[in-house]
Amino acid sequence: MKAAAASPAFERAYPSYETTRALDELRAREYPALAALGCTYLDYTAANLYATSQLERHFSLLRDHVFGNPHSTNPTSSFSTASITRVRQRVLAFFNASPDEWAVVFTTNASQALKLVGESYPFGPGGRYLLTFDNHNSVNGIREFARARGAAATYIPVVLPEMRVDERDLERELDRADTHAPRLFAYPAQSNFSGVQHPLEWIERAHARGWDVLLDAAAFTPANRLDLGRWTPDFVVQSFYKIFGYPTGVGCLLARRRSLAKLHRPWFAGGTITVASVQGDKHYLAEGESGFEDGTLDFLALPAVEIGFEHIASIGMEMIHERVRCLTGWLLENLLALRHPGGQPLARLYGPPTTDRRGGIVTFNFYDQAGRAIDHRTVQDRASAANISLRTGCFCNPGGGEIALGLTGTELSSCFRQPEHETHLTVDDFRMCIDGKSTGAVRVSLGLVSNLTDVDRFIGFAKQFIGK
Ligand SMILES: Cc1ncc(COP(=O)(O)O)c(C=O)c1O
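The sequence shown runs 1 to 468 under my numbering.
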């Protein structure tokens with residue numbers, strides 16, 4: 001599919017788009033499956049796409065070398081170890097993070113990195129876990145570790161229509177600490193629900209009041225630079241496929257070395273100790289990242305991470321960012337301009353209506369002429385039939401969904417308290433419980449090789465709901 005010629009209105013509004021034209025050539029050359037399959041890909045927040053050359057380089061590397069298990073000391077093992085060391089350096093360079101200050105713990109994905117923090121953070125009585133409503137479930141899940149160890153878990157709401165935090169709520173919660181027990185504040189640099197970019201300035205404000213900060217960077221870094229030379233959260237989590245598509249199954253916990261030292265692992269595993277004894281009944285945890293990497297790392301996939309970072313560097317994050325910004329602005333303007341014949345807007349947006357402090361995620365529901373929400377599953381089915389890949393539901397961000405869709409704590413609790421829902425609740429049961437309200441929304445997310453044709457095709461698709 002050829003890239004669409006930009007309309008004069010688009011060119012006037014987004015003149016900098018022209019400077020990103022190299023991405024059209026890149027898409028044609030490196031992402032041929034999109035055109036071959038006629039696929040309109042609008043789900044970059046779920047997973048980025050990979051270039052053909054990433055696969056080819058990775059394959060050649062594996063074909064031309066012998067990679068041994070890094071836990072040995074033979075030549076093939078040393079080769080793997082050297083390759084892993086290079087990948088760590090590459091990750092640090094991408095984030096402008098000094099190796100003296102930062103450790104890179106490789107994990108299977110962002111969720112496993114979050115679990116590492118949750119299970120090891122020194123939560124205890126008097127301690128706190130503070131988080132925004134707007135969080136991925138893998139950040140929400142840490143509340144179970146916090147509560148099990150006697151710490152309180154508190155949520156800060158986000159507020160419609162933009163779905164940002166009222167900073168007074170944040171200040172009040174950050175100030176509320178009765179003891180010196182450890183307290184952890186977690187939030188996403190970019191919401192995977194609304195696209196809101198929450199301020200990185202919060203990191204220092206939380207630090208100044210004695211909090212540790214866990215920053216979920218998973219949805220932010222694919223199109224934004226996160227400079228850890230400038231911002232210094234204690235923990236940052238990431239899945240690499242979100243930045244460059246391939247490989248899946250590798251992510252990391254970036255931790256400041258002094259913050260990593262505060263974590264206490266609840267167990268030990270192969271690779272995480274210097275010495276462990278059966279008869280002596282003792283183990284000594286390895287220092288730094290090694291103490292957190294359980295078993296054998298995915299030493300065959302890790303070289304592909306280095307290749308992925310080289311791919312992004314060859315394009316330049318600024319170009320990716322600018323393209324996503326222009327296309328997001330255009331998508332928002334066009335989506336919000338769609339009206340039924342009686343003048344009622346077709347879409348209700350959950351998030352900021354302009355490109356100010358937001359990324360390339362646009363979440364909404366369509367409404368019919370009578371003001372009833374069109375079920376997101378209908379939109380999903382029709383989009384799939386048109387070979388458009390988008391996401392519907394709550395995107396593993398239930399707090400964002402509850403605020404957007406107006407589901408209250410009272411109605412949710414009364415649903416969960418019903419005896420038949422004591423231990424088991426299917427999505428269909430849940431739908432019945434909150435009868436009459438939407439249980440999900442539609443998400444379109446733009447990224448690395450999005451183009452104007454993608455946005456125009458989506459707007460064309462949306463028009464079929466006009467007049468319904
Ligand atoms: C903001 C955010 N955090 C965390 C995750 C979890 O990533 P993974 O499923 O790769 O562990 C996602 C995934 O979509 C996300 O968008």
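C-beta: ideal position from N, C-alpha, C; glycine also. Predicted, not measured: the structure shown is a model, and the values here were computed from it.
Check, Outcome
"Valine 362 versus leucine 346 - alpha carbon distance", "14 Å"
"Isoleucine 320 versus tyrosine 17 - alpha carbon distance", "10 Å"
"Delimiting residues of the beta strand (DSSP E) encompassing valine 442", "441 to 445"
"Proximity below 8 Å, CB of phenylalanine 95 to CB of leucine 226", "yes"
"Threonine 154 - DSSP class collapsed to helix/strand/coil", "strand"
"Sufficient close CB pairs (3 or more, under 8 Å) joining the stretch 368 to 384 to the stretch 193 to 213", "no"
"DSSP bridge partner residues for leucine 170 (one or two, in chain order)", "None; leucine 170 has no bridge partner."
"The beta strand (DSSP E) enclosing histidine 188, as first and last residue numbers", "According to the sequence provided, residue 188 is proline. The question's histidine does not apply to it. Where proline 188 is concerned, the enclosing beta strand (DSSP E) stretches over 183 to 188."
"Identity of the residues DSSP links to arginine 391 by a beta bridge", "Arg443"
"Leucine 160 burial status per 10 Å Cβ neighbour count (16 or more: buried)", "exposed"
"Best match in Arg323, Arg372 and Phe268 for proximity to arginine 27 [C-alpha to C-alpha]", "Arg323"
"Threonine 132 Cβ short of 7 Å to ligand 1 heavy atom set", "no"
"Alpha-carbon spacing of glutamate 171 relative to proline 303, whole angstroms", "43 Å"
"Distance, proline 199 Cα to arginine 21 Cα", "30 Å"
"Sufficient close CB pairs (3 or more, under 8 Å) joining the stretch 416 to 436 to the stretch 171 to 181", "no"
"Proline 222 in three-state terms, based on DSSP", "coil"
"Histidine 198 CB to nearest heavy atom of ligand 1 below 7 Å", "no"
"Cβ neighbour criterion (16 or more within 10 Å) applied to proline 222", "buried"
"Distance cut-off 7 Å: glycine 329 Cβ against heavy atoms of ligand 1", "no"
"Cβ-heavy atom distance, aspartate 216 to ligand 1, below 7 Å", "yes"
"Identified DSSP bridge partners for glycine 251", "Thr107 and Ser239"
"Rounded separation between valine 158 and valine 66 - CA only", "51 Å"
"Residues near serine 194 by beta carbon distance below 8 Å, same chain, minus five either side", "Asp134, Val158, Glu162, Met163, Tyr350, Gly351, Pro352, Arg358, Ile361, Thr363, Gly400 and Ala404"
"8 Å Cβ shell around leucine 55 - same chain, five flanking residues per side excluded", "Tyr246"
"Local Cβ density within 10 Å of glutamine 464, reported as buried at 16 or more and exposed below that", "exposed"
"Three-state secondary structure (DSSP) of asparagine 137", "helix"
"Proximity below 8 Å, CB of serine 389 to CB of tyrosine 41", "yes"
"Exposure of glutamate 11, with buried meaning 16 or more beta-carbon neighbours within 10 Å", "exposed"
"Leucine 407 beta carbon less than 8 Å from that of isoleucine 434", "yes"
"Anticipated Cβ contact below 8 Å, asparagine 109 with glycine 251, distance rounded", "4 Å"
"Ordered list of alpha helix (DSSP H) runs contained in the stretch 36 to 68, each at least 4 residues", "52 to 64"
"Option nearest phenylalanine 123 by Cα separation, candidates Asp281, Phe145, Val449 and Ser290", "Phe145"
"Close Cβ partners of glutamate 431 (< 6 Å) along its chain, the five nearest in sequence each way excluded", "Before going on, a small fix: residue 431 reads as arginine here, not glutamate. These residues qualify, in order along the chain: Thr439."
"In DSSP terms, what tryptophan 102 is bridged to", "Arg256"
"Delimiting residues of the alpha helix (DSSP H) encompassing valine 275", "Counting along the chain, valine 275 falls outside any alpha helix (DSSP H), though it belongs to the beta strand (DSSP E) covering 273 to 277."
"Closer than 7 Å: alanine 301 CB and nearest ligand 1 heavy atom", "no"
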